[in-house]
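In my numbering, the protein residues as written are 625 to 797.
Each residue gets a CB set at the ideal place from its N, CA and C atoms; glycine is no exception.
In what follows, a structure is listed as C-alpha coordinates, so that the remarks can point back to it.
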(Lines of atoms letter the chains of each structure in order from A and count residues from 1; the text may use other names and numbers.)
(Lines give C-alpha, C1' and ligand atoms only; values in the text may rest on other atoms or scores of the structure.)
Protein backbone atom coordinates (compact mmCIF):
# COMPACT_ATOMS: atom_id res chain seq x y z
CA UNK A 1 0.00 0.00 0.00
CA UNK A 2 2.96 2.30 0.54
CA UNK A 3 3.61 2.23 -3.20
CA UNK A 4 -0.03 2.95 -4.10
CA UNK A 5 -1.80 4.93 -1.36
CA UNK A 6 -4.51 5.76 -3.91
CA UNK A 7 -5.66 2.12 -3.62
CA UNK A 8 -6.22 2.27 0.15
CA UNK A 9 -9.97 1.63 -0.17
CA UNK A 10 -9.78 -0.47 -3.35
CA UNK A 11 -8.95 -4.04 -2.37
CA UNK A 12 -9.38 -5.32 -5.94
CA UNK A 13 -7.05 -2.66 -7.29
CA UNK A 14 -4.54 -3.34 -4.52
CA UNK A 15 -4.60 -7.07 -5.24
CA UNK A 16 -4.30 -6.48 -8.99
CA UNK A 17 -1.28 -4.21 -8.46
CA UNK A 18 0.29 -6.69 -6.02
CA UNK A 19 0.04 -9.42 -8.65
CA UNK A 20 1.50 -7.07 -11.28
CA UNK A 21 4.40 -6.15 -8.97
CA UNK A 22 5.10 -9.80 -8.11
CA UNK A 23 5.13 -10.74 -11.80
CA UNK A 24 7.46 -7.85 -12.62
CA UNK A 25 9.85 -8.73 -9.79
CA UNK A 26 9.85 -12.37 -10.94
CA UNK A 27 10.76 -11.28 -14.47
CA UNK A 28 7.39 -12.32 -15.90
CA UNK A 29 5.04 -10.36 -18.13
CA UNK A 30 3.08 -7.88 -15.96
CA UNK A 31 0.22 -8.11 -18.48
CA UNK A 32 -0.53 -11.51 -16.92
CA UNK A 33 -1.81 -9.65 -13.85
CA UNK A 34 -5.25 -9.08 -15.38
CA UNK A 35 -6.06 -12.72 -16.21
CA UNK A 36 -4.49 -13.83 -12.91
CA UNK A 37 -6.67 -11.38 -10.99
CA UNK A 38 -9.75 -12.48 -12.96
CA UNK A 39 -9.12 -16.07 -11.84
CA UNK A 40 -8.62 -14.95 -8.26
CA UNK A 41 -11.76 -12.81 -8.34
CA UNK A 42 -13.88 -15.66 -9.74
CA UNK A 43 -12.62 -17.93 -6.97
CA UNK A 44 -13.30 -15.19 -4.40
CA UNK A 45 -16.99 -15.27 -5.34
CA UNK A 46 -17.24 -18.96 -4.38
CA UNK A 47 -17.86 -18.27 -0.72
CA UNK A 48 -18.53 -21.02 1.78
CA UNK A 49 -20.86 -19.54 4.36
CA UNK A 50 -20.81 -20.42 8.04
CA UNK A 51 -23.73 -22.69 8.95
CA UNK A 52 -25.50 -19.88 10.77
CA UNK A 53 -25.06 -17.19 8.09
CA UNK A 54 -27.97 -17.91 5.74
CA UNK A 55 -30.54 -18.57 8.50
CA UNK A 56 -29.39 -15.37 10.22
CA UNK A 57 -29.71 -13.37 7.00
CA UNK A 58 -33.21 -14.77 6.51
CA UNK A 59 -34.19 -13.94 10.10
CA UNK A 60 -32.74 -10.43 10.03
CA UNK A 61 -33.91 -9.43 6.54
CA UNK A 62 -37.51 -10.45 7.31
CA UNK A 63 -37.53 -7.94 10.17
CA UNK A 64 -35.19 -5.08 9.29
CA UNK A 65 -33.42 -3.54 6.29
CA UNK A 66 -30.02 -5.23 5.97
CA UNK A 67 -27.09 -3.49 4.29
CA UNK A 68 -23.76 -5.15 3.49
CA UNK A 69 -20.75 -2.97 4.25
CA UNK A 70 -17.52 -4.54 3.06
CA UNK A 71 -13.87 -3.67 2.65
CA UNK A 72 -13.56 -6.84 0.54
CA UNK A 73 -14.50 -7.54 -3.03
CA UNK A 74 -16.98 -10.43 -2.88
CA UNK A 75 -20.31 -9.46 -4.45
CA UNK A 76 -23.39 -10.54 -2.44
CA UNK A 77 -25.39 -10.99 -5.66
CA UNK A 78 -22.77 -13.20 -7.31
CA UNK A 79 -22.31 -15.15 -4.06
CA UNK A 80 -26.07 -15.83 -4.09
CA UNK A 81 -27.25 -14.00 -0.98
CA UNK A 82 -28.12 -10.62 -2.49
CA UNK A 83 -31.86 -11.07 -1.99
CA UNK A 84 -31.37 -10.57 1.75
CA UNK A 85 -29.82 -7.10 1.39
CA UNK A 86 -31.48 -3.76 0.77
CA UNK A 87 -28.08 -2.51 -0.41
CA UNK A 88 -24.47 -3.58 -0.62
CA UNK A 89 -21.67 -1.05 -0.22
CA UNK A 90 -18.09 -1.87 -1.11
CA UNK A 91 -15.05 0.13 -0.11
CA UNK A 92 -13.72 0.21 -3.66
CA UNK A 93 -16.96 1.64 -5.08
CA UNK A 94 -17.40 4.11 -2.22
CA UNK A 95 -13.77 5.24 -2.19
CA UNK A 96 -13.60 4.76 1.57
CA UNK A 97 -13.37 1.82 3.93
CA UNK A 98 -14.22 0.68 7.43
CA UNK A 99 -13.57 2.06 10.01
CA UNK A 100 -14.20 5.46 8.36
CA UNK A 101 -17.27 7.08 9.91
CA UNK A 102 -18.46 8.28 6.49
CA UNK A 103 -18.65 4.67 5.25
CA UNK A 104 -20.87 3.68 8.18
CA UNK A 105 -23.00 6.79 7.56
CA UNK A 106 -23.43 5.69 3.93
CA UNK A 107 -24.73 2.33 5.18
CA UNK A 108 -27.22 4.06 7.49
CA UNK A 109 -28.34 6.23 4.57
CA UNK A 110 -28.81 3.13 2.41
CA UNK A 111 -30.95 1.57 5.15
CA UNK A 112 -32.94 4.79 5.44
CA UNK A 113 -32.26 5.29 9.14
CA UNK A 114 -30.12 7.47 11.39
CA UNK A 115 -26.86 5.91 12.64
CA UNK A 116 -28.17 5.66 16.21
CA UNK A 117 -30.89 3.31 14.91
CA UNK A 118 -28.41 0.94 13.25
CA UNK A 119 -27.24 -2.34 14.72
CA UNK A 120 -23.96 -3.10 12.94
CA UNK A 121 -22.87 -6.75 13.10
CA UNK A 122 -19.28 -7.58 12.27
CA UNK A 123 -16.43 -9.92 13.08
CA UNK A 124 -13.54 -7.47 13.15
CA UNK A 125 -13.23 -5.76 16.52
CA UNK A 126 -11.55 -2.59 15.23
CA UNK A 127 -12.97 -2.22 11.74
CA UNK A 128 -16.53 -3.33 12.51
CA UNK A 129 -17.40 -2.96 16.18
CA UNK A 130 -15.19 0.02 17.07
CA UNK A 131 -15.87 1.67 13.73
CA UNK A 132 -19.63 1.34 14.18
CA UNK A 133 -19.51 2.73 17.71
CA UNK A 134 -17.36 5.66 16.55
CA UNK A 135 -20.06 6.35 13.93
CA UNK A 136 -22.75 6.46 16.62
CA UNK A 137 -24.19 3.02 15.90
CA UNK A 138 -24.93 0.08 18.15
CA UNK A 139 -22.37 -2.66 17.62
CA UNK A 140 -22.50 -6.44 17.79
CA UNK A 141 -19.09 -8.07 17.69
CA UNK A 142 -19.26 -11.56 16.21
CA UNK A 143 -16.41 -13.10 18.19
CA UNK A 144 -16.36 -16.72 16.97
CA UNK A 145 -12.91 -17.27 18.51
CA UNK A 146 -14.08 -15.92 21.88
CA UNK A 147 -10.96 -13.81 22.34
CA UNK A 148 -10.65 -10.83 24.68
CA UNK A 149 -11.70 -7.42 23.38
CA UNK A 150 -8.51 -6.14 21.70
CA UNK A 151 -9.37 -2.46 21.33
CA UNK A 152 -8.77 0.47 23.64
CA UNK A 153 -11.97 2.05 24.85
CA UNK A 154 -15.48 0.80 25.48
CA UNK A 155 -16.50 -2.71 24.51
CA UNK A 156 -19.29 -3.26 21.97
CA UNK A 157 -22.90 -3.20 23.06
CA UNK A 158 -23.19 -6.96 22.50
CA UNK A 159 -20.66 -9.73 21.85
CA UNK A 160 -21.83 -13.08 20.47
CA UNK A 161 -20.02 -16.28 19.56
CA UNK A 162 -22.40 -17.10 16.70
CA UNK A 163 -25.13 -15.61 14.57
CA UNK A 164 -27.49 -18.22 16.09
CA UNK A 165 -26.86 -16.60 19.47
CA UNK A 166 -27.55 -13.14 18.05
CA UNK A 167 -30.82 -14.17 16.39
CA UNK A 168 -31.99 -15.96 19.54
CA UNK A 169 -31.30 -12.84 21.58
CA UNK A 170 -33.19 -10.66 19.11
CA UNK A 171 -36.10 -13.12 18.94
CA UNK A 172 -36.43 -13.02 22.72
CA UNK A 173 -36.91 -9.23 22.71
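What does a CB cutoff of less than 6 angstroms around residue i pick up in its chain, not counting 5 residues either side in sequence?
i: residue 692; result: 700, 709, 712
i: residue 643; result: 657, 660, 661
i: residue 634; result: 716
i: residue 734; result: 691, 711
For residue i, collect the residues of the same chain with a Cβ closer than 8 angstroms to its Cβ; drop the 5 residues on either side in sequence, then sort them by chain order.
i: residue 682; result: 708
i: residue 774; result: 749, 750
i: residue 770; result: 785
Would a C-beta distance cut-off of 9 angstroms place residue i and residue j closer than the cut-off?
i: residue 739; j: residue 755; result: no
i: residue 741; j: residue 763; result: no
i: residue 697; j: residue 639; result: yes
i: residue 790; j: residue 766; result: yes
i: residue 786; j: residue 768; result: yes
i: residue 636; j: residue 716; result: yes
i: residue 788; j: residue 680; result: yes
i: residue 758; j: residue 725; result: yes
i: residue 812; j: residue 676; result: Any question about residue 812 goes unanswered here, given that the chain covers just 625 to 797.
i: residue 705; j: residue 673; result: yes
Mind checking who residue i pairs with in its DSSP beta bridge?
i: residue 691; result: 711
i: residue 765; result: 746, 783
On the premise that residue j lies in contact with residue i, defined as a C-beta separation below 8 angstroms, what is that separation, rounded to the nearest angstrom?
i: residue 721; j: residue 728; result: Between residue 728 and residue 721 the Cβ distance is about 11 angstroms, and since that is not below 8 angstroms, they are no contact.
i: residue 736; j: residue 689; result: 6 angstroms
Whose C-beta lies closer than 7 angstroms to the C-beta of residue i among residues of the same chain, with five residues either side of it excluded?
i: residue 730; result: 713, 718
i: residue 653; result: 647
i: residue 668; result: 697, 698
i: residue 780; result: 753, 757, 763, 764, 765
i: residue 671; result: 698, 703
Just checking residue i against the ligand HEM - is the residue's beta carbon closer than 8 angstroms to any of the ligand's heavy atoms?
i: residue 767; result: Among the ligands in the structure shown, none appear at all, so the ligand HEM cannot be discussed.
When you compare the CB of residue i with every CB in chain C, is at least one pair closer than 9 angstroms?
i: residue 792; result: You won't find chain C in this structure, because it holds only one protein chain.
If you scan the region 650 to 675 from start to end, which runs of the alpha helix (DSSP H) of 4 or more residues do you find wholly inside it? 657 to 668
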